[in-house]
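**Q** Right, I'll just put the structure down here and ask away after.
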Amino acid sequence: MSDSPLEGSAARRLDAAAAGYVVLTPAQGTGFPGPAVPKLGPVSSRVLVVEDDLTVAEVVVTYLKHAGYEVEHAPDGDAALAAAARDWPDLVVLDLMLPGIDGLEVCRRLRAGGEVPVIMLTALGSENDRVVGLEVGADDYVTKPFSPRELVLRVRSVLRRAGGGDVPAPNAPDVLEAGPIRMDVTGHRVTHHGEPLQLTSREFDLLAFLLAHPSEAFTREALMRAVWGWEFGDQSTVTVHVRRLREKIEADPADPRLLVTVWGVGYRFDPPTSAAA
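Each residue of the sequence shown is one higher than the one before, counting from 16 in our numbering.
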């Protein structure tokens, strides 16, 4: 990919950045929010950044490139879909509010075209937007204003999970089975009644965690820590992913028998009996 015209001024500011970082708001156009993100050596992953605000895009592209990623910027939905068709990315950072085709529709079309992790950028306080973004297949979200360093860490986390790169728990089985569900954890494959089941990376991680802890009830906070690695955050993230999993594994999602709600606590995976399976 050719270098973006966004790079010049941001790269110079990056070299001169002082220790510590500040939160970038979309309206800021002066200064640069914080230090360089340390490189971890060569990184082959390709990231497509879809953002119409050039100030925000400039910062995000520069931080990701400095972290070692190959990055392409698209200013709108049409450009994003064209870029993905030309060279399929390993991850997409996608702004929700875009001119023309909005971020939700871009996410839907990307999902229809193939598997790719998506991190959605949403406006602060727009809980409904975050929920809808997760429902159409986004793996994670970051709210504006945000720390570019946090975004880079989220990118690393999502790519690591999507590639099966998380360190397995001690004595964790390579294969998890419960009734009609069979998960090849190391191969990142799952079948339901023998048929391949398409899950996002977060859905896969959540289901694997629950299958590895059958009949145990977990709060949404505990699931966020264990699966997302977040100490705090919007708990609707867990709720949406549970709902999406039920739609894929339950005979009747409105009357779940596998992934059940434990009122006053959270959720539990109940392995089916032989007869029920």
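For glycine and all other residues, C-beta sits at the position ideal for the given N, C-alpha and C.
Source: prediction; values computed, not measured.
Taking the straight line between their C-alpha atoms, what separation do you get for G209 and D220?
**A** So the two alpha carbons sit approximately 20 Å from each other.
**Q** In whole angstroms, give me the CA-to-CA distance for R126 and T288.
**A** Cα to Cα, the separation comes out at about 34 Å.
**Q** Excluding five sequence neighbours on each side, which residues of the same chain lie with their C-beta closer than 7 Å to the C-beta of L212?
**A** So the list reads V205, T206 and K263, once near-sequence residues are dropped.
**Q** By the three-class DSSP mapping on this structure, what secondary structure does T70 have?
**A** Three-state result, T70: helix.
**Q** Using only the alpha-carbon positions, how far apart do E85 and E130 sit?
**A** The alpha-carbon atoms of E85 and E130 are separated by roughly 19 Å.
**Q** For A266, is the classification buried or exposed, using 16 other Cβ atoms within 10 angstroms of its Cβ as the cut-off for buried?
**A** Exposed is the call here.
**Q** Assign R217 to one of two classes, buried (16 or more other C-beta atoms within 10 Å of its C-beta) or exposed (fewer than that).
**A** Burial call: buried.
**Q** Along the chain, where does the alpha helix (DSSP H) that runs through D199 open and close?
**A** No alpha helix (DSSP H) contains D199, which is instead part of the beta strand (DSSP E) from I196 to D199.
**Q** In terms of residues, what are the limits of the beta strand (DSSP E) holding R61?
**A** Here the beta strand (DSSP E) through R61 covers R61 to V65.
**Q** To which residues of the same chain is V277 closer than 8 Å at the C-beta, ignoring the five residues directly before and after it?
**A** Cβ neighbours of V277 beyond the five flanking positions: A232 and R283.
**Q** Within the continuous beta strand (DSSP E) that includes D110, where are the two ends?
**A** Counting along the chain, the beta strand (DSSP E) containing D110 begins and ends at L106 to D110.
**Q** Roughly how many angstroms lie between the CA atoms of G148 and A82, to the nearest whole one?
**A** Between G148 and A82, the C-alpha separation is close to 26 Å.
**Q** For D93, which of V157, T215, P195 and L119 has the nearest alpha-carbon?
**A** Checked all of V157, T215, P195 and L119; the closest Cα to D93 is L119.
**Q** For C122 versus A153, is the C-beta distance shorter than 8 Å?
**A** In this structure, A153 lies closer than 8 Å to C122 by Cβ.
**Q** When the Cβ atoms of the segment 158-173 are set against those of the segment 94-113, are three or more pairs found closer than 8 Å?
**A** These segments touch.
**Q** Going straight from the alpha carbon of M198 to that of P163, what length do you get?
**A** Between M198 and P163, the C-alpha separation is close to 35 Å.
**Q** Entirely within the segment 119-160 and at least 3 residues each: give me those beta strand (DSSP E) ranges in chain order.
**A** Those beta strand (DSSP E) runs which fall completely within the segment 119-160 and span 3+ residues are 133-138 and 155-159.
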